[in-house]
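Participant: With our numbering, letter number 247 in the sequence shown gets 237, and the count goes up by one each step, no holes.
Ideal Cβ placement from N, Cα and C applies to all residues, glycine included.
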Amino acid sequence: MPSSRFAFLLTCSLVLSFYSTGPALAAAPAQVLEAEIVIYGGTSAGVAAAVECSRLGKSSLIIEPSNHLGGLTSGGLGWTDSGNKAVIGGISREYYQRIKREYDRPETWAWQKSSEYNRYDPKSDALWVFEPHVAEKVYRDLVQEYKIPVYFNERLDLKKPVLKQGSQIVEFVLESGIRVRGKRFIDATYEGDLMAKAGISYTVGREANSQYNETINGVQKVKTVKHQFEASISPFRIPGNPASGLLPGIHGDDPGEDGQGDHRVQAYCFRMCLTNHPENRIPFPKPE
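1. Please report the distance separating the alpha-carbon of Thr205 from that of Glu197.
2. Between Ala125 and Ala38, what straight-line distance do the alpha-carbon atoms span, to the nearest angstrom?
3. Once DSSP output is grouped into helix, strand and coil, what is the label at Arg227?
4. So, does the region 113 to 123 touch the region 86 to 96, judging by three or more C-beta pairs under 8 Å?
5. Report all residues from its chain with a CB closer than 6 Å to the CB of Ile53; omit the five preceding and five following residues, and keep chain order.
6. Could you check where the beta strand (DSSP E) with Ala25 kicks off and where it finishes?
7. Helix, strand or coil: how does DSSP classify Pro94 here?
8. Below 6 Å CB to CB, which residues in the same chain sit around Gly195 once its five sequence neighbours on both sides are set aside?
9. Alpha helix (DSSP H) containing Glu144: first to last residue?
10. If you draw a straight line from the C-alpha of Glu135 to the C-alpha of Val212, how long is it?
11. Just to confirm before moving on: does the CB-CB distance between Val209 and Gly246 stay below 8 Å?
12. Pull up the distance between the alpha-carbon of Ala25 and that of Gly32, whole angstroms please.
13. Could you tell me the boundaries of the alpha helix (DSSP H) in which Arg45 lies?
14. Say whether the region 229 to 246 touches the region 179 to 194, bearing in mind that this needs 3 or more beta-carbon pairs closer than 8 Å, one atom from each stretch.
15. Between which residues of its own chain and Met185 is the CB-CB distance below 7 Å, once the five residues before and five after are set aside?
16. So for Thr11, helix, strand or coil by DSSP?
17. Would you check if the distance between the CB atom of Lys187 and the CB atom of Leu148 is smaller than 8 Å?
18. Distance check for Pro275 and Ser166, CA to CA, integer angstroms please.
19. Helix, strand or coil for Leu237, going by three-state DSSP, please let me know.
20. Starting from Arg174, follow the beta strand (DSSP E) in both directions and report where the run begins and ends.
21. Identify, in the order they occur along the chain, each residue of the same chain with its Cβ nearer than 7 Å to the Cβ of Gly79, setting aside the five sequence neighbours on each side.
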């Protein structure tokens, strides 16, 4: 695979930017933004929702708190976890087909030849492993193709109420003071702040099997046979010394009984792409 620069999920900056359908950034938006479908979050789900809205003849806009489009997919998670890829269809498969077409272009391979990468199959219709900058390019091409306005570096103001008529959201306010109105709203972020502010019920963690009469929900110890982190890395502050205590973020509690629910969420982290090409590296600060 052609190596890439480090790719991070970036937080919002102080500069308000709007990704237009042209090569230049448009002026700052008006104090009121409005569309039939308002999508909060420019993640993979958010872009896919906006594309489908356009295909259905509905107007939409995307509000993205960071200055990147594509969420984890373009933020460093360039390996698609899947079982049977034949069941992946719709806009998802279209996306991976577009990724493949990007890598069909010789100029995309900056650091090696396509023939040197065994996961690239010129006969396949899709490619499931990719670089972050290629992933984001495909998303930007999509919103440009469908003329979907994307407002970057804009975040929901958690200090202001989300306005509703009955059970329907009608408006929310951004930290910049801009009001956003629509007929339907989609929270496509990972955090779900708009959903929570609108009073929608939600669950943190895994529900127990018993809650919805399921069989593979909740804690799974017996059936979990992969991804057990078998690397020889000590969890203690002083390697090999339990008396020194556990490193931050590590707990020594038992996960619970099989099928039992919990209130845990996956750890937030940086997804980094490493390269063995010195000229393709950028410096980054050492964590404190």
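Facilitator: In short:
1. Indexing the sequence shown from 1 puts residue 205 at position 215. Indexing the sequence shown from 1 puts residue 197 at position 207. In a straight line, the C-alpha of Thr205 is about 11 Å away from that of Glu197.
2. On the sequence shown, position 135 is the one that residue 125 refers to. On the sequence shown, position 48 is the one that residue 38 refers to. C-alpha separation (whole angstroms): 13 Å.
3. Taking the sequence shown and counting its residues from 1, one reaches residue 227 at position 237. Correct three-state label for Arg227: strand.
4. yes
5. Working through the sequence shown from its first residue, we reach residue 53 at position 63. Contacts found: Tyr30, Tyr141 and Glu144.
6. In the sequence shown, residue 25 corresponds to position 35, counting from 1. Ala25 -> beta strand (DSSP E) spans Val22 to Tyr30.
7. Numbered from its first residue, the sequence shown carries residue 94 at position 104. Sequence inspection shows Asp at residue 94; the Pro mentioned does not correspond to that position. The answer is coil: DSSP assigns Asp94 none of H, G, I, E or B.
8. Locating residue 195 in the sequence shown gives position 205, where the first residue counts as 1. If we look at Gly195 and ignore the five residues flanking it on each side, its Cβ neighbours are Asp252, His253 and Arg254.
9. Looking up residue 144 in the sequence shown gives position 154. From DSSP, Glu144 is part of no alpha helix (DSSP H); its letter is neither H nor E.
10. Position 145 of the sequence shown, counting from 1, holds the residue named residue 135. Position 222 of the sequence shown, counting from 1, holds the residue named residue 212. Cα to Cα, the separation comes out at about 47 Å.
11. The residue you call residue 209 lines up with position 219 of the sequence shown. The residue you call residue 246 lines up with position 256 of the sequence shown. Going by C-beta atoms, Val209 is nearer than 8 Å to Gly246.
12. As a position in the sequence shown, residue 25 is number 35, starting the count at 1. As a position in the sequence shown, residue 32 is number 42, starting the count at 1. One C-alpha to the other measures close to 16 Å.
13. Along the sequence shown, read from residue 1 onward, the residue named residue 45 stands at position 55. Arg45 -> alpha helix (DSSP H) spans Ser34 to Arg45.
14. no
15. As a position in the sequence shown, residue 185 is number 195, starting the count at 1. Cβ within range, chain order: Asp177 and Tyr192.
16. Along the sequence shown, read from residue 1 onward, the residue named residue 11 stands at position 21. Reliability fails at Thr11, whose pLDDT of 35 lies under 50, so the model's placement of it is uncertain and no value is given.
17. The sequence position of residue 187 within the sequence shown is 197, counting from 1. The sequence position of residue 148 within the sequence shown is 158, counting from 1. Yes, the pair counts as a contact, with Cβ atoms nearer than the cut-off.
18. Here residue 166 is taken as the residue at index 176 of the sequence shown, counted from 1. Here residue 275 is taken as the residue at index 285 of the sequence shown, counted from 1. Taking the straight line joining both Cα atoms gives about 30 Å.
19. Numbered from its first residue, the sequence shown carries residue 237 at position 247. Coil at Leu237, not helix or strand.
20. By one-based count along the sequence shown, residue 174 stands at place 184. Start and end: Arg169 to Asp177.
21. Translated into the one-based positions of the sequence shown, residue 79 becomes position 89. The answer is none, since no qualifying residue turns up.
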